[in-house]
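Asks: The structure follows.
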């Protein structure tokens with residue numbers, strides 16, 4: 001149970017001295033009564049210590065999560081901890097751009113978790129599905145130490161699958177509520193398998209959800225926006241780690257920023273008008289018109305995210321805008337994944353943009369997803385000749401792709417080292433412009449490389465300083481060490 005702090009505020013600080021004195025007398029009398037009551041309670045407790053039946057007010061009873069054993073599953077320490085983890089940590093962070101508003105304790109689908117918890121108390125299938133997802137995320141994503149939970153994900157998953165098969169065989173779907181509850185279970189199972197890195201099993205679960213929805217009006221027919229969003233997120237994750245189109249269309253797209261009617265006071269002044277200009281100014285050979293359209297949408301959404309001043313807006317307004325940022329970028333990634341091209345350079349650029357949106361357009365980032373995608377980007381790039389013929393007229397785009405790849409790769413991994421090594425050639429070409437060859441290479445220190453890399457990204461490409469500066473400095477350090485060595 002969460003601790004509750006109660007604060008007493010004097011709403012009448014300028015009351016007469018006589019009234020305040022009376023209040024003091026009443027408070028002292030109340031304190032005396034409370035002291036007497038506690039002493040009497042302690043005396044009665046000592047007298048009845050020989051009774052084997054615990055008092056209904058004892059801490060042993062009051063601290064039990066399920067004192068009446070009425071839940072669908074026995075609530076032991078592991079289950080109670082996972083339910084608490086889901087309510088207060090797991091579910092709120094499903095909507096990452098709302099983290100700024102979470103400081104005030106609210107997010108768009110805060111009420112949805114209460115409805116889910118009522119269901120799990122009554123339904124063992126939903127309970128085991130939730131437990132399997134929570135246990136998997138706690139262990140494999142958040143990596144929180146918990147001996148009570150370690151290894152329990154398999155047990156919860158087996159029970160969930162057994163109950164799901166029984167439910168499908170014995171209870172045909174007849175109402176929208178039955179469909180909704182079954183889809184919630186499928187979302188939990190899909191998420192659990194994603195956290196456990198079983199992409200094939202997760203895809204099987206998600207395909208089952210798609211098949212169900214195809215027979216009942218599609219994704220947008222669900223009268224539960226929280227469930228819609230989680231299905232779309234699962235779809236996007238599986239599409240990203242396989243670099244394949246999503247199973248769902250992007251019908252959840254909230255539309256352009258003009259729908260928000262943002263006022264000047266809600267946005268900070270424009271810092272730069274050159275975001276992605278080096279991509280938008282290119283011919284269609286490497287940036288086809290369909291890709292250009294999506295890049296323009298991304299520029300607009302990033303502009304809102306980077307300039308939004310939540311301190312000058314109400315919590316509800318900030319919540320509306322940050323939720324728009326999340327769903328708009330989900331739709332943008334959906335469109336990027338749906339684009340088809342036979343040009344490996346365009347394919348590499350598209351992949352890098354997808355990775356950048358995952359890295360920079362979420363407050364929490366999507367570290368797991370981009371780490372899976374980084375080796376795939378490397379494989380795409382190795383198919384393209386590094387000579388001038390391979391990237392003729394687009395060497396700057398190649399450098400930006402390499403920087404994104406390094407930023408997303410697992411730190412210290414061979415993939416990260418490969419991206420760093422590819423960037424060294426560009427760093428050496430910068431050093432020649434400084435003067436004599438040998439002395440210029442010696443002056444190519446970490447600070448110089450960092451400044452050049454950040455300036456390059458900021459002028460003409462996508463660059464979020466808050467997210468990307470730390471990895472940019474590490475890339476500069478790797479380049480400097482490579483050259484000086």
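Residue numbers (full-length UniProt numbering): 1 to 485.
Beta carbons are placed, not taken as given, at the ideal position from N, Cα and C, and that holds for glycine.
1) Below 8 Å on the Cβ atoms is my contact criterion, and I expect residue 490 with residue 236 to pass it. Report the Cβ-Cβ distance as a whole number of Å.
2) Mind checking whether residue 337 and residue 246 have CB atoms under 8 Å apart?
3) Using DSSP bridges, identify the partner residues of residue 308.
4) Quick one, which of 287, 376, 225 has its alpha-carbon nearest residue 393's?
5) Can you tell me whether DSSP reads residue 450 as helix, strand or coil?
6) Quick check: what's the CA-CA separation for residue 205 versus residue 176?
7) Three-state secondary structure (DSSP) at residue 360?
8) Considering only their Cβ atoms, is the gap separating residue 136 from residue 80 smaller than 8 Å?
9) By Cβ distance, which residues of its chain are closer than 6 Å to residue 259, with the 5 residues on each side in sequence left out?
10) Whose C-alpha, out of 275, 111, 186, 172, is nearest the C-alpha of residue 454?
11) Which one of 97, 420, 310 has the shortest CA to CA distance from residue 359?
12) From this set, 424, 312, 462, 210, which residue's C-alpha is nearest residue 264's C-alpha?
13) For residue 519, which of 476, 164, 124 has the nearest alpha-carbon?
14) Which runs of the alpha helix (DSSP H) at least 4 residues long sit entirely within the region 221 to 299? Give them in chain order.
15) Given that a residue counts as buried once 16 or more other Cβ atoms are within 10 Å of its Cβ, and exposed if not, what is residue 226?
16) Helix, strand or coil for residue 85 per DSSP?
17) Whole angstroms are fine: how far does the CA of residue 314 sit from the CA of residue 324?
18) Please state whether DSSP places residue 141 in a helix, a strand or coil.
19) Given a threshold of 16 other Cβ atoms within 10 Å of its Cβ, counted over all protein chains shown, does residue 162 qualify as buried or as exposed?
20) Any idea what DSSP makes of residue 391, helix, strand or coil?
21) If we ignore side chains and look at the alpha-carbon of each, how far apart do residue 179 and residue 173 end up?
22) Report, in whole angstroms, the separation of the C-beta atoms of residue 448 and residue 423, which I expect to be a contact under 8 Å.
23) Residue 194 and residue 125 - do their beta-carbons sit closer together than 8 Å?
24) Given a cut-off of 8 Å on the beta-carbon distance, is the pair residue 73 and residue 128 in contact?
25) Residue 168: which of 141, 208, 148 sits nearest, CA to CA?
26) Can you tell me whether residue 505 is helix, strand or coil according to DSSP?
27) With the cut-off set at 8 Å, would you say residue 410 and residue 371 are in Cβ contact?
28) With DSSP collapsed to three states, give me the class of residue 205.
29) Would you kindly work out how many angstroms separate the C-alpha atoms of residue 141 and residue 367, rounded to a whole number?
30) Please work out which residues of its chain come closer than 7 Å, Cβ to Cβ, to residue 396, disregarding the five sequence neighbours upstream and downstream, and give them in chain order.
31) Taking the straight line between their C-alpha atoms, what separation do you get for residue 77 and residue 84?
Replies: Quick answer:
1) Nothing about residue 490 can be reported from this structure: the residues present for the chain run from 1 to 485 only.
2) Along the chain shown, read from residue 1 onward, the residue named residue 337 stands at position 337. Along the chain shown, read from residue 1 onward, the residue named residue 246 stands at position 246. For residue 337 and residue 246, yes; Cβs fall inside 8 Å.
3) Along the chain shown, one-based indexing puts residue 308 at 308. Note: residue 308 sits in a beta bridge opposite 267.
4) Residue 393 sits at position 393 when you count from the first residue of the chain shown. Checking every option, the nearest Cα to that of residue 393 belongs to 287.
5) For the purposes of this step, residue 450 is identified with residue 450 of the chain shown, where counting begins at 1. Reduced to three states, the DSSP call for residue 450 is helix.
6) As a working note, residue 205 is residue 205 in the chain shown. As a working note, residue 176 is residue 176 in the chain shown. When rounded, the distance between both Cα atoms is 19 Å.
7) For the purposes of this step, residue 360 is identified with residue 360 of the chain shown, where counting begins at 1. In the structure shown, residue 360 sits in a helix (DSSP, three-state: H, G or I).
8) Taking the first residue of the chain shown as position 1, residue 80 is located at position 80. Taking the first residue of the chain shown as position 1, residue 136 is located at position 136. Contact: no.
9) Taking the chain shown and counting its residues from 1, the one referred to as residue 259 is at position 259. Correct list: empty, nothing qualifies.
10) Taking the first residue of the chain shown as 1, we reach residue 454 at position 454. If we check each option's Cα against that of residue 454, 275 comes out closest.
11) Your numbering for residue 359 matches position 359 in the chain shown. Out of 97, 420, 310, 97 has the C-alpha closest to the C-alpha of residue 359.
12) Position 264 of the chain shown, counting from 1, holds the residue named residue 264. The shortest C-alpha separation from residue 264 is found at 312.
13) In this structure the chain extends from 1 to 485, so residue 519 is not present and cannot be described.
14) 225 to 242, 277 to 280
15) Taking the chain shown and counting its residues from 1, the one referred to as residue 226 is at position 226. Buried, because 16 or more other Cβ atoms sit within 10 Å of the Cβ of residue 226.
16) Locating residue 85 in the chain shown gives position 85, counting from the first residue. Of the three classes helix, strand and coil, the one that applies to residue 85 here is helix, per DSSP.
17) On the chain shown, position 324 is the one that residue 324 refers to. On the chain shown, position 314 is the one that residue 314 refers to. Their Cα atoms are separated by approximately 15 Å.
18) Numbered from its first residue, the chain shown carries residue 141 at position 141. DSSP places residue 141 in coil when its eight states are reduced to three.
19) Locating residue 162 in the chain shown gives position 162, counting from the first residue. So residue 162 counts as exposed.
20) The residue given as residue 391 occupies position 391 in the chain shown. Coil, per DSSP.
21) As a position in the chain shown, residue 179 is number 179, starting the count at 1. As a position in the chain shown, residue 173 is number 173, starting the count at 1. C-alpha separation (whole angstroms): 6 Å.
22) Here residue 448 refers to the residue found at position 448 when the chain shown is read from its first residue. Here residue 423 refers to the residue found at position 423 when the chain shown is read from its first residue. In fact, because the Cβ distance is near 14 Å, the residues do not count as touching under 8 Å.
23) As a first step, residue 125 is located in the chain shown; it is residue number 125 there, counting from the start. As a first step, residue 194 is located in the chain shown; it is residue number 194 there, counting from the start. Cβ atoms of residue 125 and residue 194: not closer than 8 Å.
24) Numbered from its first residue, the chain shown carries residue 73 at position 73. Numbered from its first residue, the chain shown carries residue 128 at position 128. Their beta carbons are under 8 Å apart, which means residue 73 touches residue 128 by this criterion.
25) Locating residue 168 in the chain shown gives position 168, counting from the first residue. The candidate whose alpha carbon is nearest that of residue 168 is 208.
26) Residue 505 lies beyond the stretch modelled for the chain, which goes from 1 to 485, so this question has no answer here.
27) The count along the chain shown starts at 1 and reaches residue 410 at position 410. The count along the chain shown starts at 1 and reaches residue 371 at position 371. Yes, these two residues count as a Cβ contact at 8 Å.
28) One-based indexing of the chain shown puts residue 205 at position 205. Helix at residue 205.
29) Position 141 of the chain shown, counted from the start, is the residue given in the question as residue 141. Position 367 of the chain shown, counted from the start, is the residue given in the question as residue 367. Approximately 10 Å, taken between the alpha carbons.
30) Position 396 of the chain shown holds residue 396. Taken in chain order, the residues that qualify are 278.
31) Here residue 77 is taken as the residue at index 77 of the chain shown, counted from 1. Here residue 84 is taken as the residue at index 84 of the chain shown, counted from 1. Answer to the nearest angstrom: the Cα atoms are 11 Å apart.
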